[in-house]
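These notes concern the structure reproduced below.
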Amino acid sequence: MNTTHAAQDVLEAYVMGALIGAEAEGLEEHVIGCADCAARIAVEAQLEERLFAIATATAAVVPKKTPVAWRPNAAAALSALTEEAPVDVPVARAPDPAPPAASPSEDVWKYVPRTKAKAARWPFAVAGLGVASLCVAAGIVIGTKAFVRKEPVVAPVAIAPTGLPVAPDQPATATATAIEKKEAIAALSPAPKKEAKGKKVQLALAEPAKKEEKKKPDDDGGFGDLLNGKTKNLDVKATLGRDDVLEVVKANAPAVTKCADAHIRAGGTLPAKLVVRWVITPSGHTEAIELGEKSLKATPLEGCVVAAVKKWQFPEFQSGTIPVTFPFIVAP
Amino acid sequence: MGTPLAAMSFDWSGAIARYNRRVIVALLARGVPMDRARDVAQDTWTKLMQKYDRGELTEVKLPGLAIRQALFLAADEARRAGRRPLTDMPADLRDDHSSAEAQLVTHEQVQVALLALQRLPENARRVFELAYEEPGIAHREIAGRIGLSEQRVRQILCEVRKALREALEVVS
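Chain order of the listed sequences is S and C.
Take the first sequence: its position 5, counting from 1, is numbered 882 in the working numbering, and each next residue is one higher.
Take the second sequence: its position 125, counting from 1, is numbered 191 in the working numbering, and each next residue is one higher.
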């Protein structure tokens, strides 16, 4: 057994997973026989675990690494919700593959009430509604230009355009599928402490495309919680409005298109909606950027999108942070 | 980081290679000594594989599932041996709301940590987010995504740890 005490940085490297192979084993052996180092590594390990906990707690209100399946809870909450919320639920089926007629000509942008688009394609449905403090309730169609060069790149995904009302502010009321509710709940479930889920989801479903950040303050008022600093205090004056966010996103969306394009060219496929999440800090910077779609995690696409969104500069606001869940509609 | 559930076989060796350390660290963090932690981690994987083979696992979300399983095994072992129970145990193996981790930090600590994080340079925050919001991500991967060297990523992580350690010490 190695008798030299482990150096601090070695202990840290170990708990961070940076020590590999024989080195790690050597340290483990030493720690087993050395009470002093055992105590120190326990401290480091505890810190490490706390960091994970902190990251989890602060990672906006988005569904991430829920350690275990959310289904049972989501299902329960879903049924509760279905009873509660008098929401009409037309299940928008697989959309007809008609390409987005209006949007391309207008521009690459098109607002798509997220609920319907979501309904159209469940695995990629966005959880955003009612989840984050500020879910911009509109999608932006990307790729209308980028994607034409390969044919229907995204296989049968003619998604958003179908029959979707396009006015940005048009409340996409009553069009939540069971699935999307489920999603919304899935999104909620990892962060149950901070939000009364039923309440929030219901609200979101009731008038989703309205200025959600406006609702939030009342909504959040009651839940003093983990994310206090992170997700609330969205006083209208002190924070960004939906339009502020949209404006920046619109101005910068070509970057996302580029990423998506590169992804397609590299042989990848895209979901109908490329959901991107990020958090806006009071300085107007973005952080905690990620893609909503699990299968795209840790892909070059995510790297590209992260790098792009990282550069976005939103207007500054007073306090809190604003988590945004933004669906970019992938036009075929 | 969704773990794909292959139709027939799950890449257990890959999972173990990636998450075993994390499981051990989770045990160490709760006061399990290294030797037992290693054994328990091993048992954990065996157990999970068995469950998987029996079709009892509908979803294999790692490392959360493994950590939970490990903590339960450790708690069980401690109970049987008449040792003091583990601290910070998750309430239920399938309770996804209160993750085991969440119980390691108090509300106050989270707040303090948040403040500490805000004071860090942006790069550091980004590294922190990547490293800790996405369990199992390799430093090399973080480096690739941010455009830094792996060495620098580790350096930053050490700085972040230092900052947060200090912040958390103040609270506790």
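Cβ coordinates follow ideal geometry from the N, Cα and C atoms, glycine included.
Under the Cβ criterion (8 Å, minimum of three pairs), the stretch 181–198 of chain C does not count as touching the stretch 1142–1151 of chain S. C-alpha of S:Ala1139 to C-alpha of C:Gly202: approximately 26 Å in a straight line.
Distances from the CA of S:Val1122 to each of S:His907, S:Gln1190, S:Glu1164, S:Ala884 were compared; the closest alpha carbon is that of S:Gln1190. Among the residues facing chain C, S:Lys1174 is included, as its CB has a counterpart in that chain under 9 Å away. In the same chain as S:Ala1185, and ignoring 5 residues on each side of it, the C-beta atoms closer than 8 Å to its own belong to Asn1129, Ala1132, Val1133, Lys1135, Cys1136, in chain order. According to the DSSP assignment, C:Leu114 belongs to no beta strand (DSSP E) but to the alpha helix (DSSP H) extending over 100–119.
In the displayed model, S:Trp1189 falls within coil according to three-state DSSP, outside both helix and strand. C:Lys127 sits buried, since 16 or more C-beta atoms from the chains shown fall within 10 Å of its C-beta.
One thing to note: C:Val193 has its Cβ no nearer than 9 Å to the Cβ of C:Ala233. In this chain, C:Ala132 is not harboured by any beta strand (DSSP E); it is covered by the alpha helix (DSSP H) spanning 130–146. Between S:Gly894 and C:Arg191 a beta carbon distance of about 20 Å is seen, past the 8 Å cut, so the two are scored as non-contacting. Fewer than three pairs of CB atoms, one per stretch, sit closer than 8 Å, so the stretch 218–233 of chain C makes no contact with the stretch 907–915 of chain S.
Shown here, S:Phe1203 sits in a strand according to DSSP, grouped into three states.
Between the stretch 920–936 of chain S and the stretch 104–123 of chain C, the count of C-beta pairs closer than 8 Å stays below three; the two stretches do not touch.
Annotated three-state conformation of C:Val126 is coil, per DSSP. When CB distances to chain C are screened at a threshold of 7 Å, the residues of the stretch 1157–1183 of chain S falling below it are His1162, Glu1164, Ala1165, Lys1171, Ser1172, Lys1174, Ala1175, Gly1180, Val1183, in chain order. The criterion of a C-beta distance shorter than 9 Å is not satisfied by S:Ile1157 and S:Pro1204. Apart from the 5 residues on each side of it in sequence, S:Phe1194 sits with its Cβ closer than 7 Å to the Cβ of Ala1115, Thr1116, Leu1117, Pro1159 in its chain, given in chain order.
Close to S:Leu1123, with beta-carbon spacing below 9 Å, lies no residue of chain C; the smallest spacing is near 24 Å.
Annotation for C:Arg231: no beta strand (DSSP E) segment contains it, though the alpha helix (DSSP H) segment containing it runs 216–237.
Beta bridge pairing from DSSP links S:Trp1155 with S:Val1201. Comparing alpha carbon positions, the residue from S:Val908, S:Gly1180, S:Glu926 closest to S:Leu888 is S:Val908.
Proximity of C:Asp101 to chain S, defined by a Cβ-Cβ separation below 9 Å, is satisfied. C:Val171 sits away from C:Ala197, with the two beta carbons spaced by 9 Å or more. Using a CB distance cut-off of 9 Å, C:Pro201 counts as an interface residue toward chain S.
The C-alpha of S:Glu902 is placed about 17 Å away from the C-alpha of C:Val98.
About 13 Å separates the beta carbons of C:Ala81 and C:Ala136, which is beyond the 8 Å limit, so they are not a contact pair.
The beta carbon of S:Leu1117 does not come within 9 Å of any beta carbon belonging to chain C, so the residue lies off that interface.
In the three-state DSSP reduction, S:Leu1168 falls in the strand class (E or B).
For C:Gln184, a Cβ of chain S is located within less than 9 Å of the residue's own Cβ. The beta carbon of S:Glu900 does not come within 9 Å of any beta carbon belonging to chain C, so the residue lies off that interface.
Burial check for S:Thr1146: the Cβ neighbour count within 10 Å stays below 16, so the residue is exposed. Residues of the stretch 906–934 of chain S with a C-beta less than 7 Å from any C-beta of chain C: Val908, Ile909, Ala915, Ile918, Ala919, Ala922, Gln923, Leu924, Glu925, Glu926, Arg927, Leu928, Phe929, Ala930, Ile931, Ala932, Thr933, Ala934, listed in chain order. With a beta-carbon spacing of about 7 Å, C:Ala95 and S:Glu925 fall inside the 8 Å limit used to define contacts.
Around S:Glu1179, the same chain offers Leu1168, Leu1173 as residues with beta carbons nearer than 6 Å, after the five sequence neighbours per side are excluded.
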